[in-house]
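In what follows, a structure is listed as structure tokens, so that the remarks can point back to it.
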């Protein structure tokens with residue numbers, strides 16, 4: 076399997092910053108971008124409150 080990885084073009088799943096996916100795409104790298112953000116935008120208090128809803 077490791078030789079397969081070294082001898083095939085990279086395939087990338089980009090999570091977060093779209094600019095990374097755009098740069099890879101510009102280099103003809105097979106890339107899928109996932110527009111993910113932390114729950115509650117990183118606000119710990121809001122995240123705690125939201126977690127109470129899902130419990």
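Residue numbers (the working numbering): 76 to 130. Using N, Cα and C, we set each Cβ at its ideal position, and we do this for glycine too.
- For residue 105, the secondary structure class from DSSP, reduced to helix, strand or coil, is strand.
- Taking one beta carbon from each stretch, the stretch 79 to 93 and the stretch 101 to 109 have 3 or more pairs nearer than 8 Å; the two touch.
- DSSP places residue 86 outside any alpha helix (DSSP H); the residue lies instead in the beta strand (DSSP E), whose first and last residues are 86 to 90.
- For residue 123, the enclosing alpha helix (DSSP H) stretches over residues 119 to 129.
- By the 16-neighbour rule on beta-carbons within 10 angstroms, residue 93 is exposed.
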